[in-house]
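Chains as they are written, first to last, in our numbering: chain C, 8 to 315; chain U, 8 to 315.
Glycine residues also receive a C-beta, built at the ideal position from the N, C-alpha and C atoms.
Worksheet: one structure, shown below.
Number of protein chains: 2
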Amino acid sequence: MEETILIFGHKNPDTDTICSSIVKERLNKKNGYDNSKAVRLGNINKETKYVLNYLGIEAPELIEKIEEGQKVIMVDHNDFGQSVDGIENAKIIGVIDHHCIGNFKTSDPLYYTARPYGCTATILFKDFKEKEIEISKEEALLMASAIISDTLLLKSPTTTKHDVKALEELEKIAGINTKEYGLEMLKAGTDLDDFTEEELINIDAKKFEKNGNEFKIAQVNTVDISDVLKRQEKIEKVMTDEINKNGLNLFVFAITDILNSNSEIIALGSKTNVVEKAFVKKLENNRMFLEGVVSRKKQLLPNIDKNM
Amino acid sequence: MEETILIFGHKNPDTDTICSSIVKERLNKKNGYDNSKAVRLGNINKETKYVLNYLGIEAPELIEKIEEGQKVIMVDHNDFGQSVDGIENAKIIGVIDHHCIGNFKTSDPLYYTARPYGCTATILFKDFKEKEIEISKEEALLMASAIISDTLLLKSPTTTKHDVKALEELEKIAGINTKEYGLEMLKAGTDLDDFTEEELINIDAKKFEKNGNEFKIAQVNTVDISDVLKRQEKIEKVMTDEINKNGLNLFVFAITDILNSNSEIIALGSKTNVVEKAFVKKLENNRMFLEGVVSRKKQLLPNIDKNM
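Given below as structure tokens:
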């Protein structure tokens with residue numbers, strides 16, 4: 008029997024990670040690699056649930072670790088710290104990603120396709136086009152959803168002309184009105200009411216390290232920042248617990264208004280001065296309003312990293 | 008003025024590194040990026056000299072280091088240890104490579120195209136095809152030379168069907184007889200007579216590290232192994248000097264018969280037992296004959312690395 012190739016995105020999966028895994032499985036099968044199988048490394052969030060429900064398709068199977076020598080394709084990430092347990096001993100045959108590269112290593116040559124686009128699905132879309140493979144209505148909606156999610160309806164500064172062009176074509180194939188569908192999808196994803204504070208700070212959290220300092224940046228999207236700030240006291244409590252438990256030097260929690268493209272951040276830890284230096288602004292009541300800031304990858308992380 | 012993008016391969020440049028740098032510059036210019044400039048990080052070897060003389064073109068300019076923030080495209084390598092001084096602080100906008108990935112890191116998303124092919128030029132060839140850009144006679148010969156060099160006229164086990172197909176097409180465009188031209192080129196490259204022993208062990212040497220052990224694998228190509236072995240005593244002397252100077256645990260010097268696809272290796276250092284374990288064979292007089300072994304990347308390194 009042919010060896011299975013597992014395809015997965017990062018832990019704390021978002022819509023790009025899940026949709027790109029599913030689409031990559033389908034693209035592989037259309038290319039004759041029937042042994043490809045999309046899996047996921049965590050729970051499906053509300054936004055992705057909206058997409059899967061819309062299409063009436065199942066989420067990929069959940070896995071927690073992989074065996075030594077398992078053939079894998081990583082999508083939407085390359086950092087081993089954000090990947091499946093056991094990734095160090097996997098046989099990585101491919102990576103399709105749109106992030107900077109770090110903490111990644113293989114002992115064999117491989118297929119690695121990184122592009123500085125706003126979304127992994129945009130790279131996949133181009134792959135369909137270059138190989139002249141037809142995109143089904145379902146695949147188009149999956150890729151469109153990923154692009155809408157990662158670029159916040161093309162409003163995020165991570166958006167490139169490649170994403171714009173891809174979404175334009177995908178909209179036609181999927182037969183949707185991108186703006187209407189996208190707004191519904193984003194709203195579904197920002198319904199934060201039934202999350203506990205502890206869950207809130209873990210919805211989309213990534214850990215980083217610089218010069219011996221460990222720091223974490225978590226982000227939630229909303230259509231009403233003040234609604235989340237009502238819970239500030241309780242949020243700070245769980246952030247402090249996390250700082251103490253994991254010896255973090257800084258914990259930044261960003262509440263991003265996806266409709267107006269701004270963020271309010273809460274920053275705690277011994278290195279909050281780094282945040283003040285990074286954005287040339289004082290924290291007040293542990294908070295700071297950042298106009299025009301919506302991207303962890305392109306705005307929050309590089310500025311904080313540079314000053315850490 | 009537009010910022011220059013420097014394009015270069017690894018230190019100790021070989022034919023793929025030089026030819027792919029030149030071709031990538033030309034491909035970029037055909038795509039409208041006039042600010043691209045191929046450069047090199049070391050002396051041109053005899054084989055590459057044969058190619059450049061054949062075409063009557065100049066070698067790229069030699070550089071030794073780069074400034075902070077310099078925009079660069081790395082070809083035929085990704086390991087910072089094999090790259091230009093200052094690479095850590097460069098702005099890497101692209102990588103085109105066919106090696107495993109390690110010791111590579113960026114703080115921004117980028118274009119990274121790795122393929123497990125035998126040669127970087129094969130990736131470039133496919134790029135021309137996908138973008139439907141015409142390949143000139145000169146570009147075809149540069150890419151063909153790189154493929155012939157890296158795959159030893161398609162005999163190396165690193166050769167893939169992609170390299171075979173590319174060389175087939177490039178032969179037609181370049182208007183050469185691949186076998187005749189390739190043999191002359193490879194012979195020009197294996198003329199070792201006027202190298203000192205110290206030069207011999209540095210023609211194509213790469214350093215590695217595993218579990219705290221530093222080791223080096225150097226390789227020379229020849230059409231007559233015994234001719235090189237006449238100098239064994241002097242070669243061992245300079246290898247030992249190198250081991251002592253750089254605290255190496257193992258130094259493997261491979262003399263590869265490119266016509267019959269075998270290698271004789273000389274191994275010195277405290278960890279020569281690793282080599283014996285790796286190839287299940289005893290060293291005699293510090294030497295070992297390895298039938299069918301021609302590739303450092305695919306045969307020597309993985310076996311030694313696994314047992315280190």
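Assigned secondary structure, residue i (DSSP; H/G/I helix, E/B strand, else coil)
i	result
U:Y40	coil
U:A97	coil
U:K244	helix
C:N256	coil
U:F222	strand
C:V282	helix
U:I25	helix
U:M8	Only weak support is given to the placement of U:M8: the predicted model assigns it a pLDDT of 49, under 50, and the question is left unresolved by the model.
C:N269	strand
U:T263	strand
C:F296	strand
U:L199	coil
U:V30	helix
U:M81	strand
C:N314	helix
C:E216	strand
U:I103	strand
U:Y118	strand
U:F15	strand
C:V58	helix
Closer than 7 Å at the beta carbon, the chain U residues around residue i
i	result
C:C126	In chain order: nothing, as chain U lies at least about 11 Å away.
C:I108	F111, K112, T113 and Y119
Contacts that residue i makes with chain C (C-beta to C-beta distance below 7 Å)
i	result
U:P309	S114
U:H169	Per Cβ cutoff of 7 Å: no residues; U:H169 is ~11 Å from chain C at best.
Contact list for residue i against chain C, beta-carbon separation under 9 Å
i	result
U:P123	I100, D115, P116, L117 and Y118
Residues that residue i contacts on chain U, provided the C-beta gap is smaller than 8 Å
i	result
C:E141	Residues of chain U passing the Cβ test: none, with the nearest at roughly 18 Å.
C:I130	Those do not exist, as C:I130 stays about 11 Å from chain U at its closest Cβ, beyond 8 Å.
Under 8 Å between C-beta atoms of residue i and residue j
i	j	result
U:I14	U:K44	yes
U:S28	U:G16	yes
C:N52	C:G196	yes
U:Y124	U:G101	no
C:I130	C:I103	yes
U:I242	U:I210	no
C:V30	C:L149	yes
C:D23	C:A212	no
C:L159	C:V301	yes
U:E75	U:M192	no
C:G93	C:K78	no
U:V281	U:M246	no
U:L177	U:K223	no
C:V227	C:K194	no
U:I120	C:T120	Rather than Ile, the amino acid found at residue 120 of chain U in this sequence is Thr. Taking 8 Å as the Cβ cut-off, U:T120 and C:T120 qualify as a contacting pair.
C:F111	C:F87	yes
U:N310	U:F286	yes
C:E145	C:L62	yes
U:K56	U:I140	no
Top-ranked residue by Cα proximity to residue i, from the options
i	options	result
C:I351	C:I155, C:A173 and C:T166	Nothing about residue 351 of chain C can be reported from this structure: the residues present for chain C run from 8 to 315 only.
C:K168	C:R122, C:D198 and C:K144	C:R122
C:D234	C:D264, C:N253, C:M315 and C:F222	C:D264
U:T11	U:L255, U:P20, U:D21 and U:D41	U:D41
U:L290	U:R303, U:E65, U:L275 and U:E298	U:L275
U:K278	U:G182, U:I208, U:K217 and U:G49	U:K217
C:L307	C:F258, C:N267 and C:L266	C:F258
U:I155	U:F132, U:K179, U:F135 and U:C126	U:C126
U:M81	U:H106, U:E205, U:E206 and U:Y61	U:H106
C:F215	C:E187, C:E139, C:E204 and C:K313	C:K313
C:R303	C:F296, C:K284 and C:F260	C:F260
C:Y188	C:G49, C:A151, C:F135 and C:E221	C:A151
C:G49	C:V58, C:N35, C:A181 and C:P20	C:P20
U:A225	U:G219, U:E240, U:E205 and U:R238	U:E205
U:K186	U:K252, U:N85, U:N253 and U:L266	U:L266
Interface partners of residue i on chain U, CB under 9 Å
i	result
C:G16	The premise fails here: C:G16 is roughly 16 Å from chain U at the closest Cβ pair, so nothing lies under 9 Å.
C:D86	Those within 9 Å of C:D86 in chain U number zero; the least Cβ separation is about 11 Å.
C:E137	E137
C:D234	Simply none; closest approach about 32 Å.
Under 8 Å by beta carbon: chain C residues contacting residue i
i	result
U:D312	S114
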